[in-house]
Amino acid sequence: MYYLREMPDKLTITVISGSVDRLTGMAVLVSGAVAMDVDVEIFLQLWGIYAFRKDKIRENTHLSEFEELGEEVMKRMVEKNVKPWHEVLKEAKELGNVKIYACSTAMDIWGVKLEDLEMVDDVIGAAEWIEKAKESNISIFV
Amino acid sequence: MYYLREMPDKLTITVISGSVDRLTGMAVLVSGAVAMDVDVEIFLQLWGIYAFRKDKIRENTHLSEFEELGEEVMKRMVEKNVKPWHEVLKEAKELGNVKIYACSTAMDIWGVKLEDLEMVDDVIGAAEWIEKAKESNISIFV
Amino acid sequence: MYYLREMPDKLTITVISGSVDRLTGMAVLVSGAVAMDVDVEIFLQLWGIYAFRKDKIRENTHLSEFEELGEEVMKRMVEKNVKPWHEVLKEAKELGNVKIYACSTAMDIWGVKLEDLEMVDDVIGAAEWIEKAKESNISIFV
């Protein structure tokens, strides 16, 4: 016997990276998802948590690739009025259904608490995260 | 009431990376997908667009990891007749149903046009991309 | 006419990376999946194979990002009794249904055999991997 579940469209994103380039790509996808009424859930791991720390989120300029082109790209993003990834994400969070969770193991490694992080809704474990991710139609690892 | 859609198998790939190692891994998956009659759609973001520029695609040797092992690995790839990622991708595009899109925001940042890019079929926005990705059974972020 | 297949929940992971940070994030997800009775299949590509080599798996300390913070993070992981990624993965493999495959093309590039790798069950090609990945409800690229 088969049960069909009616599920809302959902994008789930596991974020190991804390690099501005990968987070920018992620934020653009989240923004597109919200525009199409797709729910978004994000799970922050190691460097992901670092990048959402209130004392790092605005000053972090780390790139995962092509460090030597970083200055040129950042300059052009400012010229073209492309907002920083955390502003794009904040706007998406205000407009749509976007939940952000931090991995309990990684929180412990960094020794940070929920109030040290920006935009993060809750702290959960990996098993709980898998339960959420398996119900999504798009699931990526940043 | 439930409507079941009959969907072709589809792999969707969001490419933030412009590194040869990650692009090689991607091209191998695309090649495997085409061999199994799986449709492929690719969405190029920041460094992804850089790597598909006609003036960069053949000269780019950037690795995302283990730069110090790069020379050895590249040498062995030549010895073993493993083709460069862009040739593997081009062959897959000729054999199967592979569409490549560039992110409109990232095009603007680089100041490039469709004719500056190799193998790219169209320029689309993130919302349109999410519509495509949510209909796929495999969706990855490179 | 539609045929509904009853499928077990499955997480499939393509691993291009050989970096300890990304592998740690992956191992935590695998551990969470096993805890929730979700099957796991892993496909090792280029640096992924390097990281599973018996002569490298314990000595590899490469990070994909924030090299300058690596020492601090590693120290805190030891203090907090967070196990290395390969031990987390080994435990998950003992407890749950976790299969690890190596990409035949990448094996050839490295010139290694199955017995040179730790925890790897079999060598397969990309087309066979796509067949496995398309039947999963979560599919990520590390």
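Protein chains in written order, with this note's numbering: chain L, 414 to 555; chain S, 414 to 555; chain F, 414 to 555.
C-beta atoms are modelled at their ideal positions from N, C-alpha and C, and glycine is treated no differently.
All values reported here derive from a predicted model rather than from experimental measurement.
Return the bridge partner residues of residue i from the DSSP annotation.
| i | result |
| --- | --- |
| Tyr463/L | Tyr463/L pairs with nothing; no bridge assigned. |
| Val428/F | Leu457/F |
| Lys526/S | DSSP output for Lys526/S lists no bridge partner at all. |
| Ser552/S | Thr425/S |
| Lys493/F | According to DSSP, Lys493/F bridges with nothing at all. |
| Asp452/S | Lys423/S |
| Asp534/S | Answer is none; Asp534/S lacks a bridge partner. |
| Lys547/L | Paired residue(s): none; Lys547/L is not in a bridge. |
| Ile513/F | Ile455/F |
Just to confirm, are residue i and residue j a CB contact at a threshold of 7 Å?
| i | j | result |
| --- | --- | --- |
| Asp422/S | Val451/S | yes |
| Ala519/L | Ile543/S | no |
| Val428/F | Leu457/F | yes |
| Thr425/S | Ser549/S | yes |
| Asp529/L | Arg466/L | yes |
| Ile513/F | Val533/F | yes |
| Ala448/L | Ile551/F | no |
| Ile470/L | Trp523/L | no |
| Ala505/S | Ser444/S | yes |
| Phe554/F | Val486/S | no |
| Ser584/S | His499/S | Lying before the first or after the last residue shown, residue 584/S is absent from chain S, which here runs from 414 to 555. |
| Glu478/L | Trp460/S | yes |
For residue i, go through chain S and note every residue whose CB falls closer than 8 Å to its CB, in chain order.
| i | result |
| --- | --- |
| Glu454/L | Residues of chain S passing the Cβ test: none, with the nearest at roughly 14 Å. |
| Ile470/F | Those do not exist, as Ile470/F stays about 15 Å from chain S at its closest Cβ, beyond 8 Å. |
| Val451/L | Ile543, Lys547 |
How should residue i be labelled, buried or exposed, when 16 other C-beta atoms within 10 angstroms of its C-beta is the threshold for buried?
| i | result |
| --- | --- |
| Leu527/L | exposed |
| Glu454/F | buried |
| Asp358/F | Residue coverage of chain F in this structure runs from 414 to 555, which leaves residue 358/F outside it and unanswerable. |
| Thr437/S | buried |
| Leu508/L | exposed |
| Glu484/L | exposed |
| Glu481/F | exposed |
Which chain L residues are close to residue i, counting only those with a beta carbon under 7 Å from its beta carbon?
| i | result |
| --- | --- |
| Thr437/F | Leu459 |
| Val511/F | Result: empty, since nearest Cβ-Cβ is about 13 Å, beyond 7 Å. |
At a CB-CB cut-off below 8 Å, which residues of chain L make contact with residue i?
| i | result |
| --- | --- |
| Gly431/S | Glu478, Phe479 |
Kindly list, in the order they appear in chain F, the residues whose Cβ is closer than 7 Å to that of residue i.
| i | result |
| --- | --- |
| Ile553/L | Ile553 |
| Val428/S | None at all; the shortest Cβ gap to chain F is about 10 Å. |
Along chain S, which residues have their Cβ under 7 Å away from the Cβ of residue i?
| i | result |
| --- | --- |
| Ala448/L | Ala540 |
Can you list the residues of chain F that residue i reaches, using a CB-CB cut of under 8 Å?
| i | result |
| --- | --- |
| Gly445/S | Gly538, Ala539, Ala540, Glu541, Trp542, Ile543 |
List the residues of chain L that residue i touches, going by C-beta distances under 9 Å, in chain order.
| i | result |
| --- | --- |
| Leu508/F | Here the premise fails: no neighbours, minimum Cβ distance about 12 Å. |
For residue i, is the beta carbon positioned less than 6 Å from some heavy atom of the ligand MG?
| i | result |
| --- | --- |
| Tyr463/F | You won't find the ligand MG in this model; it holds no ligand whatsoever. |
State yes or no: is the beta carbon of residue i nearer than 7 Å to at least one beta carbon in chain C?
| i | result |
| --- | --- |
| Ile455/L | Checking the listed chains, one finds no chain C in this structure; the protein chains it contains are L, S and F. |
message: Which residues of the stretch 519–546 of chain L have a Cβ closer than 9 Å to any Cβ of chain F? Give them in chain order.
response: Result list: Ala519, Asp521, Ile522, Trp523, Gly524, Gly538, Ala539, Ala540, Glu541, Trp542, Ile543, Glu544, Ala546.
message: Tell me which residues of the stretch 474–502 of chain L have at least one Cβ-Cβ distance to chain F shorter than 7 Å, keeping chain order.
response: With the criterion set as a beta carbon lying under 7 Å from some beta carbon of chain F, the members of the stretch 474–502 of chain L are His475, Ser477, in sequence order.
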